[in-house]
Amino acid sequence: MLMSALTPLSDLEARDEFVARHIGVDAADEGRMLSAIGAASRAALVDAIVPRSIARGSAMSLPPAVPEAQALSELKSLAARNRVLRSHIGQGYYGTHTPTVILRNVLENPSWYTAYTPYQAEISQGRMEALVNFQTMVCDLTGMAIANASMLDEATAAAEAMTLAARVGKSKSSTFFVADDVLPQTLEVVRTRARPLGMTVVTGPADQAGQTDCFAALFQYPGVNGQVRDLRPLTEAVHARGALAVVAADLLALTLLTPPGEQGADIVVGTTQRFGMPMGNGGPHAAYMATRDDFKRSLPGRLVGVSVDAHGAPAYRLALQTREQHIRREKATSNICTAQVLPAVVASMYAVYHGPQGLKRIAQRVASFTAVLAQGLASLGWATTHDTAFDTLEVRTGEQTEALLAAAVAAGMNLRRASASTVGISLDETTTREHVQALWQVFAQGRPLPSWDTAEKGVAPLIPQALRRTSPYLTHPVFNTHHSETEMLRYLRSLSDKDLALDRTMIPLGSCTMKLNATSEMIPITWPEFAHIHPFAPQDQLQGYVQLNEQLCAWLSQATGYAGISLQPNAGSQGEYAGLLIIQAYHEARGQGHRNICLIPESAHGTNPASAQMAGMQVVVTKCDADGNVDLDDLRAKCEQHSERLACVMITYPSTYGVFETRVKELCELVHAHGGRVYVDGANMNALVGVAAPGEFGGDVSHLNLHKTFCIPHGGGGPGVGPVCVVADLVPFLPAHRSAGLGSEAQVGAVSAAPLGNAAVLPISWMYMRMMGAEGLKAATETAILSANYIAARLDGPYELHFSSNVPGIKGGGVAHECILDLRPLKESSGITAEDVAKRLIDYGFHAPTLSFPVAGTLMVEPTESESLAELDRFVEAMLAIREEIAKVERGEWPREDNPLKNAPHTAESLLKAEWNHAYTREEAAYPLASLRRQKYWPPVGRVDNVYGDRNLFCSCVPLSEYQ
């Protein structure tokens with residue numbers, strides 16, 4: 001009897017098994033795809049499309065891939081290096097309880113975290129209802145007229161408020177006043193933002209604001225030291241000088257305090273972190289901005305409004321200034337692209353679950369414990385700097401400051417070093433009697449502890465009677481209905497059922513890279529060792545995060561070819577902005593601060609010119625040729641024209657048009673020859689990892705989108721992480737965080753509130769890279785290119801491809817990781833627009849590709865490496881079926897204004913109406929492919945009327961009858 005061949009043990013170990021789970025195409029499928037494209041192999045396809053002049057000379061040096069269980073075990077060991085002490089630091093970050101029904105059904109639920117930004121309103125109604133709840137919550141608690149659907153963090157929200165005030169205010173001053181009890185990280189970010197815009201930041205006691213010639217003043221409510229101050233005299237004094245009043249307010253405190261809107265505030269900002277999102281070493285957390293109604297058309301970020309659909313039913317949509325940078329470009333005052341939607345949903349559902357009474361009870365408990373703590377400290381002989389407080393006390397500790405801080409750490413607690421002679425103590429939702437007792441123990445220094453007897457009878461909070469809130473809030477039924485877990489569970493399910501996310505279907509959005517967000521990557525974000533860490537805890541307690549930062553930066557350096565990386569920017573837009581500040585700082589350090597010209601191709605993403613403007617640069621637009629490449633003749637002319645003032649060029653590679661430009665090295669050399677630096681936008685890095693590295697082919701600076709290429713999920717529009725990557729001579733200028741004692745004076749200032757930005761989601765990218773290894777990451781890139789070319793090959797002919805690399809023998813001509821379908825000729829022949837096709841795809845169960853970007857009248861398709869051939873074919877079949885529907889219109893079988901595309905999407909309700917007066921059948925509307933009978937997504941609303949929504953703006957929860 002012959003023995004069968006033995007399998008090598010290394011094969012059985014399957015150390016790279018995750019690679020096959022992440023990449024959706026197997027070897028057999030790959031062969032069929034290559035046959036359709038006309039390429040001999042995946043490697044041959046990539047070699048033909050990616051210019052050999054930029055190809056990597058050597059493989060990435062990364063640890064070998066490991067299975068999911070081993071990666072989790074390694075990361076758990078790394079996390080264990082963090083020391084989780086009880087935090088009483090405050091300073092904008094607090095302990096909170098995430099209701100488990102929200103933890104499991106939102107934060108850990110792929111139907112919420114894998115969704116995209118709700119630009120396609122009809123398939124995003126659940127997400128947008130949650131965001132309208134968020135906006136309503138913020139408006140109610142702040143007392144303001146309108147609020148947006150979240151900002152990145154409190155510090156950047158304050159910086160955005162500064163530029164908003166400069167834009168909408170009437171003062172001619174260039175000075176922004178910041179009260180000296182504003183959070184220190186906020187002050188640093190504001191200073192970073194103000195400097196390149198020529199604004200002056202002045203700090204001082206809050207009551208000096210009215211004596212300062214400024215265009216706006218920022219106040220903290222309550223202050224970082226805990227003081228609860230009457231805002232009315234401050235806002236009146238500021239207004240008397242023609243300036244605006246900005247207030248950074250604690251939402252939980254506002255359940256008990258008179259809201260800023262009732263005290264004259266013009267703009268209110270803050271964070272919703274303590275509404276159910278763990279501290280996470282700084283993020284992600286949804287910040288907010290609320291303003292007077294006068295400013296609604298200048299409000300940065302996203303705003304969800306209510307319109308009507310084609311049947312007259314109410315429907316949510318993104319309103320007004322959505323992605324204003326794409327419209328105003330270099331005139332934009334904000335480059336915000338990613339928000340913090342998933343944390344905003346958590347915060348809004350926290351308010352829905354607890355309701356007004358539940359929130360008030362939490363706040364009262366915090367305020368009462370604070371008053372009890374103060375009484376006990378007073379009985380022990382300790383005085384506080386202020387006699388008012390909500391949750392924070394600042395204790396006069398004199399020469400005993402360091403001893404008390406050390407004693408607290410020894411007892412498992414962190415206090416805040418407020419000054420050399422004072423210590424801050426902040427309480428929160430998680431505070432218990434035992435915690436107050438432990439604090440007394442530290443300050444008693446061996447003396448008998450205070451008694452609880454008085455507190456048992458009730459204790460008055462340290463909030464002045466005149467500042468106690470009397471106005472109602474959260475009165476809408478949504479905040480007064482879902483308080484049982486059963487009701488909350490069903491409410492969350494009803495909302496997620498309305499949406500399309502990656503757990504249902506491929507999301508083929510060009511430039512967005514909607515790939516797999518693996519469960520093993522997501523698990524660590526809620527580990528206590530990562531989640532319950534304060535960003536300003538002592539560095540020796542953050543060694544797990546320090547190591548995570550070092551390893552991830554080293555791996556990303558291998559992927560990009562850059563020498564140094566900062567993970568601080570908490571969105572791609574912020575990484576982009578940081579990169580330009582670095583270039584600016586480099587020129588200034590060389591005595592060439594006059595270099596301020598930024599060359600940007602006309603095809604560029606809208607955040608590019610917006611970021612350049614924010615960095616104090618002057619944008620000069622360069623042309624593109626007929627193939628979508630940067631016009632090097634025009635670029636050369638602009639370089640020569642502006643040689644003395646040239647700061648940089650900003651390009652996206654592969655280009656925004658989805659092709660590899662063959663002369664990119666020549667472009668880099670040209671700009672360098674004129675003393676400029678090259679910024680390579682990393683939005684399309686999913687076509688480069690392991691294949692080419694911008695730091696090697698001439699790029700000086702890039703930002704990465706970890707929420708694209710490196711698997712952090714989009715979360716319905718955030719969180720994001722946008723690391724900034726630089727070559728060696730720019731490393732000294734990477735963002736510092738001086739308010740946390742980190743960095744040098746040479747470095748640019750902080751661009752985010754926390755030193756490590758959205759630190760809590762960094763384990764996702766760590767897990768991805770650890771499980772994939774160098775070969776797996778390269779295979780992912782090559783498969784992404786393969787999949788895009790497969791779609792291009794299958795649809796070339798029925799549709800017109802807008803740009804390609806014109807590679808001989810490759811059907812479709814060869815594209816990068818995305819392709820553009822040009823529907824403009826079909827509009828001429830049939831009246832069908834790209835938007836009609838996008839809406840019709842909903843009937844087929846698909847999220848539409850990117851609509852009319854970068855070219856109006858087109859669809860940009862990016863399949864990513866995670867989709868199977870079956871899903872790619874399902875999309876192709878849908879697009880071919882839609883092309884045949886268009887042909888029926890072209891042939892006159894269906895009228896131009898009454899066909900399934902013009903009336904898409906079709907709701908179940910519209911198909912069940914007794915009368916059906918259309919030129920096509922109900923079956924053609926609902927089931928254009930037989931496969932849809934097995935699994936059908938029904939959109940909750942018909943096509944949304946955007947014009948109506950902008951003319952009749954409702955952005956908060958109101959009875960439906962008011963906008964019908």
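Following the UniProt record's numbering, the numbering of the sequence shown begins with 1 at its first residue and continues without gaps. By construction, the Cβ of each residue, glycine as well, lies at the ideal position given by its N, Cα and C atoms.
Check: Start-to-end residues for the alpha helix (DSSP H) that takes in residue 641; Outcome: 632-641
Check: DSSP-derived helix/strand/coil call for residue 426; Outcome: strand
Check: With 16 other Cβ atoms within 10 Å as the buried cut-off, status of residue 64; Outcome: exposed
Check: Collapsed DSSP secondary structure at residue 682 in the structure displayed; Outcome: strand
Check: CB-CB length for residue 651 against residue 630, believed under 8 Å; Outcome: 6 Å
Check: Of the listed residues 518, 150, 224, 340, nearest to residue 763 (C-alpha basis); Outcome: 518
Check: Beta-carbon proximity of residue 615 to residue 598, cut-off 9 Å; Outcome: yes
Check: Spatial neighbours of residue 123 in its chain, beta-carbon cut-off 7 Å, leaving aside the 5 residues before and after; Outcome: 499, 500, 842, 847, 939
Check: Length at least 4, wholly inside the UniProt domain "Glycine dehydrogenase C-terminal" (780-906): the alpha helix (DSSP H) runs in chain order; Outcome: 824-830, 834-843, 869-890
Check: Residues bridged to residue 151 [DSSP beta-bridge criterion]; Outcome: 287
Check: Which of helix, strand or coil DSSP assigns to residue 536; Outcome: coil
Check: Nearest candidate by alpha-carbon position, reference residue 726, set 772, 884, 583; Outcome: 583
Check: Among 905, 71, 283, nearest to residue 531 - alpha-carbon criterion; Outcome: 283
Check: Opening and closing residue of the beta strand (DSSP E) in which residue 660 lies; Outcome: Residue 660 -> no beta strand (DSSP E), and no H or E assigned at all.
Check: Length of the line joining the Cα atoms of residue 376 and residue 422; Outcome: 17 Å
Check: Whole-angstrom distance between residue 955 and residue 962, CA atom to CA atom; Outcome: Caution applies to residue 962, whose pLDDT of 49 falls short of 50 and renders its modelled position unreliable; the model cannot decide the point.
Check: Three-state secondary structure assigned by DSSP to residue 768; Outcome: helix
Check: Residues near residue 529 in its chain [Cβ-Cβ closer than 7 Å; skip 5 each side]; Outcome: 79, 80, 82, 84, 544
Check: Same chain only: Cβ atoms within 6 Å of residue 677, ignoring 5 sequence neighbours per side; Outcome: 583, 648, 700
Check: Straight-line gap, residue 960 to residue 313 (C-alpha atoms, nearest Å); Outcome: With a pLDDT of 44 at residue 960, under the threshold of 50, the predicted position of this residue should be treated as unreliable, though the coordinate-derived value follows. Distance between the alpha carbons of residue 960 and residue 313 is about 9 Å.
Check: Same chain, Cβ closer than 6 Å to residue 310, five either side skipped, listed in chain order; Outcome: 942, 943
Check: Per-residue burial, residue 509 [other beta carbons within 10 Å of its own, 16 or more giving buried]; Outcome: buried
Check: Whole-angstrom distance between residue 672 and residue 193, CA atom to CA atom; Outcome: 27 Å
Check: Coarse secondary structure for residue 144, derived from DSSP in three states; Outcome: coil
Check: For residue 628, the three-state DSSP class (helix, strand or coil); Outcome: coil
Check: Element boundaries [beta strand (DSSP E), containing residue 651]; Outcome: 646-652
Check: Residues that DSSP places opposite residue 267 in a beta bridge; Outcome: 246, 291
Check: Check whether residue 493 and residue 105 have beta carbons under 9 Å apart; Outcome: yes
Check: Exposed unless 16 or more other CB atoms sit within 10 angstroms - verdict on residue 825; Outcome: exposed
Check: Buried versus exposed call for residue 610 [16 or more other C-beta atoms within 10 Å across all chains shown]; Outcome: buried
Check: Option in 379, 668, 430, 950 with minimal Cα separation from residue 93; Outcome: 430
Check: Residues near residue 1 by beta carbon distance below 7 Å, same chain, minus five either side; Outcome: Low confidence applies here, because residue 1 scores a pLDDT of 47, under 50, leaving its location unreliable and the question unanswered by this model.
Check: Sequence-distant residues of its chain with Cβ nearer than 6 Å to residue 48 (five each side left out); Outcome: 807
Check: Backbone CA spacing between residue 470 and residue 788 [nearest angstrom]; Outcome: 59 Å
Check: Three or more C-beta pairs below 8 Å linking the stretch 2-18 and the stretch 766-786; Outcome: yes
Check: For residue 944, the three-state DSSP class (helix, strand or coil); Outcome: strand
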